[in-house]
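Protein chains in written order, with this note's numbering: chain C, 45 to 158; chain V, 45 to 158.
The beta-carbon is built from N, C-alpha and C at its ideal position, and this holds for glycine as well.
Step one of this worksheet: look at the structure below.
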DNA sequence: ATAATCGTCAACCAAATGGTTAAATATGGA
DNA sequence: TCCATATTTAACCATTTGGTTGACGATTAT
């Protein structure tokens, strides 16, 4: 079973898809316009957009014959939070702290006479 | 050409590898001990560790016959920063802001007489 | 010296990925 | 109605991915 975070990281792993997200930062875009700067078929871009959509990173809405792509930053936030919370745990990694202490104060050192 | 950030996001896309990273948060571990909780061959875990290593997310050091795996949180930070800076740009997305304004103040409204 | 442990490597496999081209489906405009 | 535009779908292809098993090299223990 593929979780949402699996889909988000997998989507972000491709440079074309990250570029698309950056483009959408500027403004909502039609599929054709998204495809324009890339040296790749429209069908390929359409697939990339499908992957971004399934990951929840963008949404697509059809108005008339053009389908508009819109950034959905909340989805990105989920993965970002995973990483940041990871950093939080890292900050309180007791073992690393203990190792640090053991280097500062070698365990066999005797302070009882000082 | 695969950039470091490609490798990092691809590495994070697999739940087994994310689990391994969480385990390494606790302490450095031998390959065999990393593999233990997983219902998967040692060789498979060895491959996952190789992918994490190439992404720079962990490092491996062989002491005697055991190879120790160690978390390298700096690498994660690169991808985290990509996402966060993305959020920064989003915060100053002028077009979205303009759209917000246009909803609050319909453009054909006439304030000249008030 | 022999045996057990730690880990990788090679060969293989099925499924997923990222691309192509060509045809099909809407929808909009003349 | 007929043509052009916008986008997806289908079929295909090469490569990558995530897993397996079995053999192997290196190290440690008996």
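Under the rule that 16 or more other beta-carbon atoms within 10 Å means buried, what is residue i, buried or exposed?
| i | result |
| --- | --- |
| residue 123 of chain C | buried |
| residue 81 of chain V | exposed |
| residue 107 of chain C | exposed |
| residue 89 of chain C | buried |
| residue 78 of chain C | buried |
| residue 84 of chain V | exposed |
| residue 109 of chain C | exposed |
| residue 45 of chain C | exposed |
| residue 47 of chain C | exposed |
Hey, would you say residue i sits closer than 8 Å to residue j, going by beta carbons?
| i | j | result |
| --- | --- | --- |
| residue 119 of chain V | residue 57 of chain C | no |
| residue 115 of chain C | residue 95 of chain C | no |
| residue 117 of chain C | residue 131 of chain V | yes |
| residue 121 of chain C | residue 92 of chain C | no |
| residue 52 of chain C | residue 99 of chain C | yes |
Between residue i and residue j, how many whole angstroms is the CB-CB distance? I'm expecting something under 8 Å.
| i | j | result |
| --- | --- | --- |
| residue 111 of chain V | residue 87 of chain V | Not a contact, Cβ separation roughly 14 Å. |
| residue 113 of chain C | residue 69 of chain C | That pair is no contact at about 12 Å. |
Return the chain-ordered ranges of every alpha helix (DSSP H) run that is complete within the segment 59 to 98 of chain C and spans a minimum of 4 residues.
59 to 70, 75 to 79 and 86 to 98
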